[in-house]
Structure formats: structure tokens, C-alpha cells
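Please read the structure below before turning to the comments.
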Amino acid sequence: MSGSTWPPWADVAVFLAAAAVIALAGSRLARLGDRLADRTGIGEAMAGTLLLGMFTSLPGLVASITAAIDGRAALALSNAVGGIAAQTAFLAVADVFHRKANLEHAAASIANVLQVIVLLMLLTLVLIGVASPPVSVLHVSPITPVLLAATLLGFRLAFRGGREPMWRPERTEETVVDLPEPGAGDEPLGPMILDFLACAAVIGLCGFAIARAAGHFGERAGIPEVLMGGLFTAVATSIPELITTVSAVRIGALTLAVADIVGGNVFDVVFVVAADLAFLGGSIFHAPGIGRREVFLLGITILLNVILVLGLVSRERHGPANIGFESVLMLLIYVAGLATLPFIAEGPLGS
1 MSGSTWPPWA DVAVFLAAAA VIALAGSRLA RLGDRLADRT GIGEAMAGTL LLGMFTSLPG
61 LVASITAAID GRAALALSNA VGGIAAQTAF LAVADVFHRK ANLEHAAASI ANVLQVIVLL
121 MLLTLVLIGV ASPPVSVLHV SPITPVLLAA TLLGFRLAFR GGREPMWRPE RTEETVVDLP
181 EPGAGDEPLG PMILDFLACA AVIGLCGFAI ARAAGHFGER AGIPEVLMGG LFTAVATSIP
241 ELITTVSAVR IGALTLAVAD IVGGNVFDVV FVVAADLAFL GGSIFHAPGI GRREVFLLGI
301 TILLNVILVL GLVSRERHGP ANIGFESVLM LLIYVAGLAT LPFIAEGPLG S
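Residue numbers (UniProt numbering): 1 to 351.
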């Protein structure tokens with residue numbers, strides 16, 4: 001039976017069951033990511049990016065590529081950008097679970113700051129792509145190879161900044177320093193990697209199931225592609241990041257938690273690259289259906305990450321409800337942005 005012919009309760013059942021499995025596997029994945037960071041010596045910031053961030057992003061990548069192949073450009077692009085917005089807001093949710101101090105204060109890391117700055121650069125390039133003249137070479141926008149090159153350069157800069165920082169955040173009583181656990185270097189690496197990959201595979205499959213269930217629901221309701229991508233599939237495919245980030249916070253791996261989100265966000269920009277390659281109707285940035293709503297969603301996502309980097313640099317110790325000012329602002333802006341999105345008229349820029 002195809003998903004489109006399932007009764008609504010079946011989609012709900014799939015969504016809840018997959019979310020429950022992700023909750024269990026995500027908790028273990030966070031612990032394994034923390035142990036791998038100590039065992040390999042790469043640190044929590046890069047482990048959160050290259051391990052947690054990359055693997056938990058797979059459901060969203062599949063969703064965007066599938067939408068692009070089906071010719072649904074607005075869904076593919078809004079899923080990628082909306083996923084970044086959702087995950088940034090989820091970091092504010094994770095802040096609630098660290099009661100000693102503001103999460104962005106306690107998890108001070110130059111590598112994470114650099115990654116958010118790189119993300120802002122990449123999102124700006126996507127915005128330029130949407131606003132630029134409709135030019136394509138072999139159905140691919142000229143901005144796409146620039147995006148890919150900038151992503152690789154950004155990862156290199158963030159990794160080098162973490163290994164050889166030119167400045168360090170001031171340590172306070174609330175700062176949780178990323179130090180390896182005693183004896184971490186003696187753990188067998190092979191079984192740990194296999195365990196991690198098994199958990200990541202389970203999360204990837206369940207994340208894909210969640211995305212499909214949310215997509216079926218949105219299709220039944222007749223929701224426009226940009227809303228379905230920016231809200232339903234973006235939030236659904238971001239659930240693995242939410243679970244692993246909260247799990248990392250609960251075990252005290254705070255730098256890992258923040259890196260999971262910011263690193264995953266950078267990987268989400270690669271969704272745009274993959275979607276443009278998979279979309280055969282020309283540049284995905286200028287496909288039918290791409291217009292004001294996508295630009296608005298990009299603006300909200302950029303604003304959320306500007307606020308995040310302000311929080312990471314200013315490092316407020318405590319704020320409202322014992323979370324930082326940036327967490328409060330991010331949640332308010334995200335909710336307000338999603339509430340406003342349906343009221344923005346569809347259509348290309350300038351129409």
C-alpha cells in the first residue's frame with residue numbers, strides 16, 4: 001500500500017513510532033559521539049559536526065533530493081532552509097535542559113562560532129542565487145559550485161580554528177571545558193565505530209520514515225510546497241538533531257550538543273547543492289514556485305543564526321527562565337516567522 005493511500009492514523013502511528021526509536025538511538029548516538037571525540041582526539045566541536053551533524057542530516061538530504069527529482073523545487077529548497085531554521089530553534093529548546101547556566105555560555109568554542117559565521121556566508125550565497133538572473137549551465141546554477149567550494153573551505157577554517165585557535169573564550173565557573181575522559185584513549189576504536197554507524201543507520205531510516213509521514217499529511221491537507229517543506233518535512237527531518245542535541249546536553253557534552261546543531265546546519269546547505277544537481281528543469285533557484293516566500297524563509301533563517309552567533313560571543317550567563325536572551329529571541333522569531341509565512345503572497349520576486 002502506498003503512503004498516499006494510508007489512512008491518516010497510519011501516518012501518525014509511523015511518526016510516533018519512529019520518533020520513539022530515534023529518542024532511544026539518539027541518546028546512545030550522543031554518548032558514542034562523545035566517546036569518539038575523546039578516543040580520536042578531534043574534540044567535541046568537530047565530532048558534533050562530522051559525526052552527529054552529518055549523520056543526523058541524512059533524512060533531510062534524502063527528502064530534498066527526492067523532491068528535486070520529482071520536480072518539486074519549492075519543497076526541496078524550503079526543506080533545506082526550513083531545516084536550518086528549525087534546528088537553530090531546537091538549540092534554544094536544548095538550552096532549557098542545561099539548568100546551571102545559559103548553554104551558549106557554558107559551551108564556549110571558537111570552532112562553533114566559526115561554523116555559524118560560515119553558515120551565514122552560505123545562506124547569503126543561497127539568497128544571492130535566488131535573487132540573481134536565471135542563468136544555468138547544464139541545468140545547474142553557477143552559484144551551486146560556489147556553494148560547495150565555500151562549504152569545504154568553511155569546514156577547513158572551522159577545523160583549523162578549533163585546533164589552533166587565535167583567541168580563546170574566557171573560562172568561568174559555568175564553562176564546561178571539553179576534556180577527554182580518563183582512559184578514553186585505551187577504548188577499542190573498531191567496535192565503537194560500528195556501534196555508532198549502527199545507531200546512525202537506525203536514526204537515518206527512522207528520520208526518513210518521519211519525513212514521509214509528515215509529507216503525506218501535508219499532501220492530504222493541500223498545503224503549498226514551501227509551507228510543507230519549511231514546516232512539516234523540515235521539522236520532521238530535524239527531530240534526530242533535537243534528540244541527539246538534548247541527549248548530549250543531558251550527559252554534559254555541551255560543546256558536542258552545539259556542534260551537532262551548527263554543524264548539521266552547514267551540512268543542510270549541501271542539500272541545496274544536491275537538490276540543484278537533481279533538479280533537471282534548470283536552476284532550482286529560479287524554478288517555478290520559487291519566490292517571495294523562499295526569500296522570507298531565508299531571511300528568518302539568517303536572522304536566527306545572527307542572533308545565535310551574538311549569543312555565542314556575548315556569552316550571557318543567565319537570562320529569562322535561566323536560558324540566554326538569544327534562546328528566547330530565537331524561539332519567538334521562529335514561531336512568528338512560521339506564523340507569518342502562510343500570509344506572504346506567492347509569486348516571483350518583483351511581481
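We put the CB at the ideal spot given by N, CA and C, even for glycine.
Residue i - DSSP class collapsed to helix/strand/coil
i, result
"P342", "helix"
"V135", "coil"
"I223", "coil"
"W6", "coil"
"R72", "coil"
"F97", "coil"
"G324", "coil"
"E164", "coil"
"L191", "As written in the sequence, residue 191 is Pro, which differs from the Leu given in the question. The answer is helix: DSSP assigns P191 an H, G or I state."
"G204", "helix"
"G218", "helix"
"G289", "coil"
"A86", "helix"
"S27", "helix"
"S64", "helix"
"S109", "coil"
"S238", "coil"
Beta carbon of residue i nearer than 8 Å to that of residue j
i, j, result
"L52", "T255", "no"
"D195", "L32", "yes"
"V81", "T301", "yes"
"V269", "V126", "yes"
"I251", "A30", "yes"
"I143", "F271", "no"
"V266", "L148", "no"
"V262", "L119", "yes"
"V130", "E294", "yes"
"A200", "G161", "no"
"residue 363", "L91", "Residue coverage of the chain in this structure runs from 1 to 351, which leaves residue 363 outside it and unanswerable."
"D260", "A248", "yes"
"residue 359", "S283", "Not covered by the structure: residue 359. The range shown for the chain is 1 to 351."
"P342", "L227", "yes"
"V14", "A209", "yes"
Bridge partner(s) assigned by DSSP for residue i
i, result
"V249", "Its beta-bridge partners do not exist; DSSP assigns none."
"V140", "V137"
For residue j and residue i, the rounded distance between their alpha carbons
i, j, result
"G207", "L77", "18 Å"
"A18", "A94", "20 Å"
"D34", "S27", "11 Å"
"L331", "A89", "6 Å"
"G324", "V96", "9 Å"
"I290", "R156", "32 Å"
"E346", "E187", "55 Å"
"A23", "L16", "10 Å"
"A25", "E44", "19 Å"
"A213", "L75", "15 Å"
"D178", "L304", "Confidence is the limiting factor: at D178 the pLDDT is only 49, short of 50, which leaves the residue's position unreliable, though a coordinate-based value still follows. The alpha-carbon atoms of D178 and L304 are separated by roughly 26 Å."
"G229", "N79", "4 Å"
"T124", "A274", "18 Å"
"I239", "L297", "19 Å"
"R163", "L231", "37 Å"
"L36", "L312", "25 Å"
"V202", "R72", "27 Å"
"P7", "G222", "16 Å"
"I333", "G190", "43 Å"
"V12", "Q87", "22 Å"
"G41", "G60", "29 Å"
"G299", "L338", "12 Å"
First and last residue of the uninterrupted alpha helix (DSSP H) at residue i
i, result
"S57", "Segment: none, S57 is in no alpha helix (DSSP H) and carries neither H nor E."
"L231", "It is not in any alpha helix (DSSP H) - L231 carries neither H nor E in the DSSP assignment."
"R293", "R292 to S314"
"G282", "Taken as a continuous stretch (DSSP letters only), G282 belongs to no alpha helix (DSSP H), as it is neither H nor E."
"G43", "G43 to A47"
Below-8 Å beta-carbon distance, residue i vs any chain B residue
i, result
"P145", "No chain B is part of this structure, which consists of one protein chain only."
heavy atom of the ligand ADP below 7 Å from residue i C-beta
i, result
"M121", "Absent from the structure shown: the ligand ADP. Ligands present: none."
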